[in-house]
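Undergrad: Counting from 248, one number per residue, gives the positions in the sequence shown under our numbering.
Quick reminder that beta carbons are idealized off the backbone N, C-alpha and C, glycines included.
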Amino acid sequence: MIQNPSKVANEYDLVAEEYAATFTGEHEKKPKDQEVLHRFSKEIGGRRPVWDFGCGPGQTTKYLKDLGIEISGLDLSEKILEEARKIHPEIHFRKGNILDLEFENDTIAGVVAFYAIVHFAEEQVVTAFREIFRVLQPGGIFLFTYHIGEETIHLDVFLGKKINIDFMFFTTDFIFSCLKENGFEKIEIIEREPYPGVEYESRRAYAFAIKPVVRKSL
Ligand SMILES: C[S@@+](CC[C@H](N)C(=O)[O-])C[C@H]1O[C@@H](n2cnc3c(N)ncnc32)[C@H](O)[C@@H]1O
Numbered sequence: 248m249i250q251n252p253s254k255v256a257n258e259y260d261l262v263a264e265e266y267a268a269t270f271t272g273e274h275e276k277k278p279k280d281q282e283v284l285h286r287f288s289k290e291i292g293g294r295r296p297v298w299d300f301g302c303g304p305g306q307t308t309k310y311l312k313d314l315g316i317e318i319s320g321l322d323l324s325e326k327i328l329e330e331a332r333k334i335h336p337e338i339h340f341r342k343g344n345i346l347d348l349e350f351e352n353d354t355i356a357g358v359v360a361f362y363a364i365v366h367f368a369e370e371q372v373v374t375a376f377r378e379i380f381r382v383l384q385p386g387g388i389f390l391f392t393y394h395i396g397e398e399t400i401h402l403d404v405f406l407g408k409k410i411n412i413d414f415m416f417f418t419t420d421f422i423f424s425c426l427k428e429n430g431f432e433k434i435e436i437i438e439r440e441p442y443p444g445v446e447y448e449s450r451r452a453y454a455f456a457i458k459p460v461v462r463k464s465l
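Right, dumping it as structure tokens:
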């Protein structure tokens, strides 16, 4: 079911402090996160700009910044952005909607989006991938994560706060075909088991995809 993006942002406003306290520094406990972020950083090299879409309190933004990437964060929740700016004053964070990005075509070298699509219905995932494809430079890299499955989990309480939000899981077949249909190439999806005691126990996936470089024929 489609959730209105501004309603999702309002729900994140309610848990912003708790979300930041829980997830700041989380990559330290997740070796596969570290591996893919190091790989992303190597593949991006000196290209810029790089954006973290649906950045939350900025833990992934910060991880990549520490690897030497010139990166900024974008999120729709004002309060999450306040937390991100408080914790990482050296990083630029701005408000924006992944489903309607205020960036010119072909302008961004790399996009990361960790669990940023978890509140999207399938048709919104299509829109998000179309938007991200549009703003990426040819050769640009898209790295994102999702929970693997077919279920939708409804939460009335999250991190100790009353909330009303759905978390959507996706099959890798759906994500793969959606990326392909939106024009991405070199799609690689890495699946892993959950880290018990560290995170919600769902299977996770990391997806790498590239916007093709169109070569003009002579
Ligand atoms: C599950 S959290 C992930 C946050 C962070 N990337 C992480 O890994 O913890 C989802 C984030 O996406 C943001 N978000 C949801 N819908 C969005 C949209 N349409 N545009 C931008 N951000 C959105 C939420 O405000 C929230 O911060």
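For a test of your reading of the model: does the CB of V365 fall under 7 angstroms from any non-hydrogen atom of ligand 1? Yes or no.
TA: Yes, since a heavy atom of ligand 1 falls inside the 7 angstroms radius drawn around the Cβ of V365.
Undergrad: Let me know the secondary structure DSSP gives V382 once reduced to three states.
TA: If DSSP states are grouped into helix, strand and coil, V382 belongs with the helices.
Undergrad: Quick one, are the C-beta atoms of Y272 and Q250 less than 8 angstroms apart?
TA: Here the sequence assigns Gly to residue 272, which means Tyr is not the residue at that position. Against a cut-off of 8 angstroms, the Cβ pair of Q250 and G272 comes out as no contact.
Undergrad: Tell me the DSSP secondary structure of N429 in three-state form.
TA: Coil, per DSSP.
Undergrad: Could you say which of A456, R450, F416 lies nearest to K433 if we only look at CA atoms?
TA: For the residues A456, R450, F416, the minimum Cα distance to K433 belongs to A456.
Undergrad: Looking at the strands, I want to know which residues DSSP matches up with D322.
TA: D322 pairs with K342.
Undergrad: Anyone know if the C-beta pair for F287 and G357 falls short of 8 angstroms?
TA: Their beta carbons are under 8 angstroms apart, which means F287 touches G357 by this criterion.
Undergrad: Using 10 angstroms around the beta-carbon of K342, count the other beta-carbons present and answer buried if the total reaches 16, otherwise exposed.
TA: The residue in question, K342, is exposed, as its Cβ has fewer than 16 Cβ neighbours within 10 Å.
Undergrad: Under 8 angstroms by Cβ, that's how I've got A263 and E330 pegged, so tell me the actual separation to the nearest angstrom.
TA: About 5 angstroms; that satisfies the 8 angstroms criterion.
Undergrad: Does the structure place the stretch 411-431 close enough to the stretch 346-357 that three or more beta carbon pairs sit under 8 angstroms?
TA: Because the criterion of three Cβ pairs below 8 angstroms is not met, the stretch 346-357 and the stretch 411-431 do not touch.
Undergrad: Could you work out which residue in R439, G292, L314 is closest to P278 when comparing CA atoms only?
TA: Of the candidates R439, G292, L314, the one whose C-alpha sits nearest the C-alpha of P278 is R439.
Undergrad: What separation, rounded to the nearest whole angstrom, lies between the Cα atoms of V460 and S424?
TA: Cα-Cα distance, rounded: 20 angstroms.
Undergrad: With a 10 Å radius around its C-beta and 16 neighbouring C-beta atoms as the bar for buried, classify D280 as buried or exposed.
TA: It is buried - the Cβ of D280 has at least 16 other Cβ atoms within 10 Å.
Undergrad: Given this structure, state the Cα-to-Cα distance separating L261 from V404, to the nearest angstrom.
TA: Each residue's alpha carbon lies about 11 angstroms from the other.
Undergrad: Which two residues bound the contiguous alpha helix (DSSP H) that contains A267?
TA: Start and end: 252-270.
Undergrad: Could you tell me the distance, in whole angstroms, from the CA atom of G446 to the CA atom of T399?
TA: The displayed chain sequence assigns Glu, not Gly, to residue 446. Each residue's alpha carbon lies about 17 angstroms from the other.
Undergrad: What number of angstroms, rounded off, separates the C-alpha of I338 from the C-alpha of E428?
TA: Cα to Cα, the separation comes out at about 34 angstroms.
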